Amino acid sequence: CMSPPCQPACGGASAACDPRNTNCSRCEPITLELCMNLPYNLTSFPNYLGHLSQRESSVSWESSLFPALVQTGCYQYLMFYACTLLVPKCDPVSLQKVPPCRSLCRSAKEKCESVLGIVGLQWPEDSDCGQFPEDRGNATCLLPEDGVDECSPSHFKCRSGRCVLGSKRCDGHLDCDDHSDEDNCGCSERALWECPGSKVCIKPTMICDGFPDCPLQVDEANCSVCRDNELACNNHQCVHRTLWCDGKKHCSDSSDEWDCVSLSDQSGSVLTVFKTAAEYQVCADEWNPDLSRLTCNQLGLGVPSSVSMVPDQPGVPGRRRWLHVHPEWSLRNGSALQARLEKRSHACHSRRRVSVLCAREECGLRPALGLHPHRTKR
Amino acid sequence: ILGGRVSRRGAWPWQCSLQSGQSGHVCGCVLISRQWALTVAHCFEGRENAELWKVVLGLTNLDHPGPHSQTRSVRAIIVHPRYNRAVVDYDISVVQLDSEVEETAHVRPVCLPQPGQLPSPDSYCYITGWGHMGNRMPFKLQEGEVRIISMSQCQSYFDMKTITPRMLCAGYEAGTVDSCMGDSGGPLVCEEEDGLHWRLFGLTSWGSVCFSKVLGPGVYSNVTHFTPWIQQQIYIHTYLTD
Chain A
1 CMSPPCQPAC GGASAACDPR NTNCSRCEPI TLELCMNLPY NLTSFPNYLG HLSQRESSVS
61 WESSLFPALV QTGCYQYLMF YACTLLVPKC DPVSLQKVPP CRSLCRSAKE KCESVLGIVG
121 LQWPEDSDCG QFPEDRGNAT CLLPEDGVDE CSPSHFKCRS GRCVLGSKRC DGHLDCDDHS
181 DEDNCGCSER ALWECPGSKV CIKPTMICDG FPDCPLQVDE ANCSVCRDNE LACNNHQCVH
241 RTLWCDGKKH CSDSSDEWDC VSLSDQSGSV LTVFKTAAEY QVCADEWNPD LSRLTCNQLG
301 LGVPSSVSMV PDQPGVPGRR RWLHVHPEWS LRNGSALQAR LEKRSHACHS RRRVSVLCAR
361 EECGLRPALG LHPHRTKR
Chain B
1 ILGGRVSRRG AWPWQCSLQS GQSGHVCGCV LISRQWALTV AHCFEGRENA ELWKVVLGLT
61 NLDHPGPHSQ TRSVRAIIVH PRYNRAVVDY DISVVQLDSE VEETAHVRPV CLPQPGQLPS
121 PDSYCYITGW GHMGNRMPFK LQEGEVRIIS MSQCQSYFDM KTITPRMLCA GYEAGTVDSC
181 MGDSGGPLVC EEEDGLHWRL FGLTSWGSVC FSKVLGPGVY SNVTHFTPWI QQQIYIHTYL
241 TD
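If you read the protein sequences in the order shown, they are chains A and B. Residue 1 is where the first sequence starts when you use our numbering, and the numbers rise one by one after that. Residue 1 is where the second sequence starts when you use our numbering, and the numbers rise one by one after that.
Rendered as structure tokens:
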């Protein structure tokens with residue numbers, strides 16, 4: 001069908017279009033934010049710019065072009081006209097599109113086409129005014145009624161009545177002719193949340209969503225109240241300490257298994273494992289090359305370049321905690337390193353810690369071009 | 001790629017073609033290790049099912065894959081949870097191949113940036129892809145040299161959109177060298193001082209209407225911003241499978 005797939009006759013799977021039944025038009029609610037303040041709220045596709053859906057309209061370049069053009073104030077009803085093209089009115093009874101009147105199209109084109117020429121753009125060719133009915137003819141067509149808003153919901157309306165893009169509101173630049181876009185820029189005036197200790201405004205939905213947005217990540221602080229024997233996940237769930245870094249996900253965002261392994265201390269190579277919410281070093285007694293490879297791969301650091309067993313530092317304050325290689329370490333295929341180590345005792349027979357240096361694997365080379373493509377002798 | 005040229009065979013061994021069913025090439029992608037690639041989130045809009053996709057590497061001519069090409073199915077597609085379609089922010093995805101590729105002279109991973117490492121404004125880097133050339137879609141992989149543009153200068157080109165820290169800008173005044181539809185997800189790479197290694201700083205994401213005379217550079221997902229997230233996704237999907 002020229003128009004969208006036919007509606008299922010009896011609510012089953014969408015029936016294949018019956019060639020005889022070419023009238024598959026139907027109305028759908030307007031969802032394009034740009035045109036949510038029209039005097040009508042049903043539309044149908046394809047529209048007058050050849051778009052087959054509102055999704056296609058929303059990412060079309062006309063949906064960028066018209067709002068920018070509205071800022072020039074070239075024509076009071078330009079946004080209304082643009083929406084009659086992007087999301088044409090659908091008559092709920094006849095299920096037919098209601099076009100803009102030819103006079104509306106002509107007014108918009110005559111007043112705004114020259115502005116586009118300045119930036120080397122043409123007026124959208126699909127919107128030839130001849131295709132639209134005369135307003136005095138018997139065909140119904142759309143003209144702006146009183147009270148039609150010349151700004152779209154994506155705009156900010158200056159006190160003077162001009163429209164500027166929403167992204168210009170409180171952006172620090174004076175865009176409205178009366179500078180009203182930079183008035184009342186406090187967060188609360190814009191229904192936003194002000195980051196404590198800074199002027200940054202964020203949407204309330206961004207608070208405690210696991211993504212830091214404020215300086216010092218204050219929007220992600222105090223987001224969960226966990227019991228003493230629990231730790232907070234990145235998404236602020238609470239998980240028992242003993243389940244942290246056991247190699248299995250307990251937080252729904254798996255953050256109880258993040259950052260369990262690190263190569264720390266000055267040389268940046270002594271292996272440290274964070275397990276059941278405490279930091280451990282790894283006893284070298286049963287260490288092997290496979291575990292060295294696993295360590296570097298898990299850290300995204302490539303492959304081991306050197307492995308050594310470092311004597312424990314005597315007299316270090318507090319008792320060192322040791323992890324040992326699990327007897328069944330090789331049976332835990334695909335598991336992370338922390339799942340292949342176990343707490344056995346506070347002793348380590350050799351009193352030596354594992355130290356691994358990793359080297360990134362070769363990357364970013366172009367062997368097909370030879371070593372020095374730019375420097376071939378002549 | 002607008003204003004570019006045909007690339008030499010094997011010149012960009014990390015470039016891959018993300019292909020779906022009968023549509024063939026849909027987007028570009030970039031190999032970052034033997035089993036992982038990067039592309040942009042908007043390529044998967046409405047088509048997040050991994051079974052719909054395959055990745056082809058070692059390609060120069062889309063129409064004649066040739067002996068160097070390798071094809072892999074996709075095991076997992078991980079779209080950034082904060083991908084925002086309206087403002088095209090957090091436009092990045094990690095793609096897990098169903099098996100490792102064989103590293104050859106024509107199939108090689110690119111280097112990821114170090115934490116905080118960014119290309120300096122006005123430095124020259126390369127973009128590649130099989131996207132629109134302004135007058136036609138190419139069969140052969142195109143390459144173009146672009147200049148990195150500072151965030152503030154870039155914002156001045158774009159009324160409609162906000163250039164966020166997750167974005168990187170590169171290009172020239174419109175009509176010269178730029179990426180275009182079909183290049184999305186492909187690499188913006190810069191050569192290291194050693195003249196040997198190349199590092200990935202951007203993924204082709206969006207821009208002005210690339211075949212009009214409207215001013216404006218191309219906008220790329222800023223890979224440096226996402227490197228920790230990328231490493232974390234690889235770790236989770238390698239070691240924490242259910």
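A virtual CB, placed ideally from N, CA and C, is assigned to each residue, including glycine. Since this is a predicted model, take the numbers as computed values, not measurements.
Exercise. Counting contacts by CB-CB distance shorter than 9 Å, is residue 148 (chain B) in contact with chain A?
Worked result: Here residue 148 (chain B) refers to the residue found at position 148 of the second sequence. It does not; no Cβ of chain A falls within 9 Å.
For this session: Would you decide whether residue 118 (chain A) is buried or exposed? Buried here means 16 or more other CB atoms lie within 10 Å of its CB.
Result: In the first sequence, the residue the question calls residue 118 (chain A) occupies position 118. By the 10 Å Cβ count, residue 118 (chain A) comes out exposed.
Problem set entry | Within-9 Å CB hit, residue 232 (chain B) to chain A | Working through the second sequence from its first residue, we reach residue 232 (chain B) at position 232. At least one chain A Cβ lies under 9 Å of residue 232 (chain B).
Exercise. Who are residue 84 (chain B)'s beta bridge partners in DSSP?
Worked result: Within the second sequence, numbered from 1, the residue matching residue 84 (chain B) stands at position 84. Looking at the DSSP assignment, residue 84 (chain B) forms a beta bridge with B:89.
For this session: Report the three-state DSSP secondary structure of residue 148 (chain A) (helix, strand or coil).
Result: Mapped onto the first sequence, residue 148 (chain A) falls at position 148. The answer is coil: DSSP assigns residue 148 (chain A) none of H, G, I, E or B.
For this session: Report yes if the CB atom of residue 271 (chain A) is closer than 9 Å to the CB atom of residue 353 (chain A), and no otherwise.
Result: As a working mapping, residue 271 (chain A) is identified with position 271 in the first sequence. As a working mapping, residue 353 (chain A) is identified with position 353 in the first sequence. Yes. Within cutoff.
Exercise. Do residue 38 (chain B) and residue 188 (chain B) have their C-beta atoms within less than 9 Å of each other?
Worked result: Your numbering for residue 38 (chain B) matches position 38 in the second sequence. Your numbering for residue 188 (chain B) matches position 188 in the second sequence. Not in contact: residue 38 (chain B) and residue 188 (chain B) (Cβ atoms no closer than 9 Å).
Exercise. Would residue 84 (chain A) be called buried (16 or more neighbouring beta carbons within 10 Å of its own) or exposed?
Worked result: Stepping through the first sequence from its first residue, residue 84 (chain A) is reached at position 84. Buried: at least 16 other Cβ atoms inside 10 Å.
Exercise. In whole angstroms, what is the alpha-carbon distance linking residue 128 (chain A) and residue 90 (chain B)?
Worked result: Within the first sequence, residue 128 (chain A) is the residue found at index 128, counting from 1. Within the second sequence, residue 90 (chain B) is the residue found at index 90, counting from 1. C-alpha separation (whole angstroms): 38 Å.
Exercise. How about residue 363 (chain A): is its C-beta nearer than 9 Å to some C-beta of chain B?
Worked result: Taking the first sequence and counting its residues from 1, the one referred to as residue 363 (chain A) is at position 363. Closer than 9 Å to some Cβ of chain B, the Cβ of residue 363 (chain A) qualifies, so yes.
Problem set entry | C-alpha gap between residue 107 (chain A) and residue 161 (chain A), whole angstroms | Reading the first sequence from its first residue, position 107 is the one you call residue 107 (chain A). Reading the first sequence from its first residue, position 161 is the one you call residue 161 (chain A). In a straight line, the C-alpha of residue 107 (chain A) is about 20 Å away from that of residue 161 (chain A).
Exercise. If you measure beta-carbon to beta-carbon, which residues of the segment 108 to 124 of chain B are closer than 7 Å to chain A?
Worked result: 108, 109, 110, 111
Problem set entry | Extent of the continuous beta strand (DSSP E) to which residue 167 (chain B) belongs | As a position in the second sequence, residue 167 (chain B) is number 167, starting the count at 1. 167 to 170 is the extent of the beta strand (DSSP E) around residue 167 (chain B).
For this session: Starting from the beta carbon of residue 298 (chain A), find every residue of chain B whose beta carbon is closer than 9 Å, and list them in chain order.
Result: Within the first sequence, residue 298 (chain A) is the residue found at index 298, counting from 1. Contact note: residue 298 (chain A) reaches chain B through 235, 238, 239, using a C-beta cutoff of 9 Å and chain order.
Problem set entry | Buried versus exposed call for residue 9 (chain A) [16 or more other C-beta atoms within 10 Å across all chains shown] | Counting from one through the first sequence, the residue named residue 9 (chain A) turns up at place 9. The predicted model places residue 9 (chain A) with a pLDDT of 40, which falls under 50 and marks its position as unreliable; any figure quoted below should be read in that light. When all chains shown are included, residue 9 (chain A) counts as exposed.
For this session: Can you say whether residue 225 (chain A) is buried or exposed, counting buried as having 16 or more other CB atoms within 10 angstroms of its CB?
Result: Position 225 of the first sequence, counted from the first residue, corresponds to residue 225 (chain A). Exposed.
Problem set entry | Three CB pairs or more closer than 8 Å across the segment 27 to 34 of chain B and the segment 72 to 92 of chain B | By the Cβ test, the segment 27 to 34 of chain B is not in contact with the segment 72 to 92 of chain B, since fewer than three Cβ pairs between them sit closer than 8 Å.
Exercise. With 16 other CB atoms within 10 Å as the buried threshold, where does residue 221 (chain A) fall?
Worked result: What you label residue 221 (chain A) is simply residue 221 of the first sequence in a count that begins at 1. Looking at its Cβ environment, which holds fewer than 16 other Cβ atoms inside 10 Å, residue 221 (chain A) is exposed.
Problem set entry | Cut-off 7 Å between Cβ atoms - residues of its own chain near residue 126 (chain A), not counting five sequence neighbours on either side | As a first step, residue 126 (chain A) must be located in the first sequence, where it is residue number 126. Taken in chain order, the residues that qualify are 48, 49, 50.
For this session: For residue 105 (chain B), return the contacting residues in chain A, with the cut-off set at a CB-CB distance below 8 Å.
Result: Against the second sequence, residue 105 (chain B) aligns to sequence position 105. Those are 367, 368, listed as they occur along chain A.
For this session: Quick one: grab the DSSP three-state call for residue 156 (chain A).
Result: For the purposes of this step, residue 156 (chain A) is taken as residue 156 along the first sequence, with counting starting at 1. Of the three classes helix, strand and coil, the one that applies to residue 156 (chain A) here is strand, per DSSP.
For this session: Identify every residue that forms a DSSP beta bridge with residue 342 (chain A).
Result: Along the first sequence, read from residue 1 onward, the residue named residue 342 (chain A) stands at position 342. DSSP output for residue 342 (chain A) lists A:324 as bridge partner(s).
Problem set entry | C-beta neighbour in chain B for residue 443 (chain A), strict 9 Å | Residue 443 (chain A) is absent from the structure shown; chain A starts at 1 and stops at 378.
Exercise. So, are the CB atoms of residue 176 (chain A) and residue 158 (chain A) less than 9 Å apart?
Worked result: Sequence index remark: in the first sequence, residue 176 (chain A) carries index 176 (1-based). Sequence index remark: in the first sequence, residue 158 (chain A) carries index 158 (1-based). Yes, Cβ-Cβ distance for residue 176 (chain A) and residue 158 (chain A) is below 9 Å.
Problem set entry | Nearest-angstrom Cβ-Cβ length linking residue 305 (chain A) and residue 359 (chain A), presumed shorter than 8 Å | Within the first sequence, the letter at position 305 stands for residue 305 (chain A). Within the first sequence, the letter at position 359 stands for residue 359 (chain A). Between residue 359 (chain A) and residue 305 (chain A) the Cβ distance is about 4 Å, and since that is below 8 Å, they are a contact.
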